[in-house]
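Asker: Residue numbering for the sequence shown follows the working numbering, beginning at 114 and increasing consecutively. Using N, Cα and C, we set each Cβ at its ideal position, and we do this for glycine too. All of these numbers come straight from a predicted model, not from anything done at the bench.
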Amino acid sequence: MIDPASNGTLFMPPQASTVAPEIDALYYFIFYTCLICFVAIMGAGAYFVWKYRYRPGGPKAVPIHHNTPLEIAWSVIPLFILIGMFAWGYKGFLDLAVAPKDAMEIHVVAQRWQWIFEYSNGAKEIGLLRVPSHRPVKLLMTADGDPGGNVIHSFFVPDFRVKSDVLPNRYTSVWFEATREGTHQVFCTEYCGAGHSDMLAKVEVMPQAEFDEWLKKGGDPSEQQQKDVLFMAEKGKEKFQQICFACHAAAPGGAVIGPPLYKKFGTMEMLADGGQVQIDENYMRESILTPNAKIVKGYPSPSPMPPFQGVLKDWQVRALIEYIKTLK
Ligand code: CUA
């Protein structure tokens, strides 16, 4: 058993939900059963290979027929162990599949490459799921609103031991009751494109009273969220007008030294080397930081654009990208 206050073991992250201890117990049962069987079988095999090795002048091999009691024993004993594993696992599976009736429901929308959490009062948060501690929470999840087309994701919180695929055109759900206040990591565990490994979020487990307070204030933060996104693009626009506009057009009639950047996001770009590239955040980032990485067809190579690696801060790059994304 793991000390509830610990930071986990060699095999497992901390246990931070009510189901975690049972899942870990089953895991360790299966692991040690397999380990003991492996050592016993391999050890016996190695010993017999050595003991009955060929020796010149040794006893002649005699054919051996079956040994009924032995064969029944090595079939029936593992059968019971496996039935035990199945029954234990099935019970755990049902516990995980059926949320308690009083569970608080939160909607989860997965997009390339972010997690959006929506509460029943309209509160909305990107990349941060706030939940009260010691209260069952059910997540109703779907993949939706992805401009590039919806794909399959998977929602995984190792500390809670919950994981479920998140599919377009369908709801899936997980439930948990968090037992440890603080921050827990969310991963996407279904490959969903270039930004898959960056598709992270946090779960913030708060005392119920603090959570209620936040939820009330978060009454309609969807507007705030909208503002935040625009805030980012607004900052990007300032930067763009300082450094980019001399060479790149943000609208028809702009500068033509570099490729125009309006109506570009999400489209395919032809490259000088004959290849093609999808214009996404990563491509834009690469082109801003290291302009020579990919030269657009019809433009000079090497690129006359200075590399902005080490010049722009990370959030400035993201702000610029957000701005370029608004150039429709
Ligand atoms: Cu979303 Cu991987």
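Going by beta carbon distance, what residues of the same chain come within less than 6 Å of Met312, once the five residues before and after it are set aside?
Answerer: Taking C-beta separations shorter than 6 Å and ignoring five residues to either side along the sequence, the partners of Met312 in its chain run Trp226, Cys301, following chain order.
Asker: Taking 7 Å as the line, does the beta carbon of Ala223 fall inside it for any heavy atom of the ligand CUA?
Answerer: Yes.
Asker: Quick check: does the Cβ of Glu303 come within less than 7 Å of any heavy atom belonging to the ligand CUA?
Answerer: yes
Asker: Taking the alpha carbon of Leu253 as the point to measure from, which residue in Ser233, Gly240, Gly261, Leu241 has its own alpha carbon closest?
Answerer: Ser233
Asker: Taking buried to mean at least 16 other C-beta atoms within 10 Å of its own C-beta, is Asp116 buried or exposed?
Answerer: Residue confidence for Asp116 is low, a pLDDT of 49 falling below 50, so the modelled location carries little weight and cannot support an answer.
Asker: Hey, Val270 and Ser277: beta-carbon distance below 8 Å or not?
Answerer: no
Asker: Taking the continuous beta strand (DSSP E) assigned at Ser416, which residues delimit it?
Answerer: Taken as a continuous stretch (DSSP letters only), Ser416 belongs to no beta strand (DSSP E), as it is neither H nor E.
Asker: Check this for me: beta carbons of Tyr375 and Ala359, under 8 Å apart or not?
Answerer: no
Asker: What's the C-alpha gap between His178 and Tyr160?
Answerer: Straight-line Cα distance between these residues: approximately 21 Å.
Asker: Is any non-hydrogen atom of the ligand CUA found closer than 7 Å to the C-beta of His266, if you look at the structure I gave you?
Answerer: yes
Asker: From the DSSP output, in three-state form, read off Gly332 for me.
Answerer: Because the pLDDT at Gly332 is just 46, under 50, the model does not fix this residue reliably, and the point stays unresolved.
Asker: Quick check on the DSSP output: the alpha helix (DSSP H) that includes Thr181 runs from which residue to which?
Answerer: 181-210
Asker: Given a threshold of 16 other Cβ atoms within 10 Å of its Cβ, counted over all protein chains shown, does Tyr436 qualify as buried or as exposed?
Answerer: buried
Asker: Would the beta-carbon of Pro281 fall within 8 Å of that of Val264?
Answerer: yes
Asker: Could you give the C-beta distance for Lys352 and Gln298, rounded to a whole number, given that I count them as a contact under 8 Å?
Answerer: The beta carbons of Lys352 and Gln298 sit about 31 Å from each other, so the pair does not count as a contact at 8 Å.
Asker: Using the rule of at least 16 other Cβ atoms within 10 Å of the residue's Cβ for burial, across every protein chain shown, is Ala223 buried or exposed?
Answerer: buried
Asker: Pick out the complete beta strand (DSSP E) segments inside the region 351-394, 3 residues or longer, and give them in chain order.
Answerer: 381-383, 389-391
Asker: Would you report the Cα separation of Glu184 and Trp228, rounded to the nearest angstrom?
Answerer: 53 Å
Asker: From the DSSP output, in three-state form, read off Cys301 for me.
Answerer: strand
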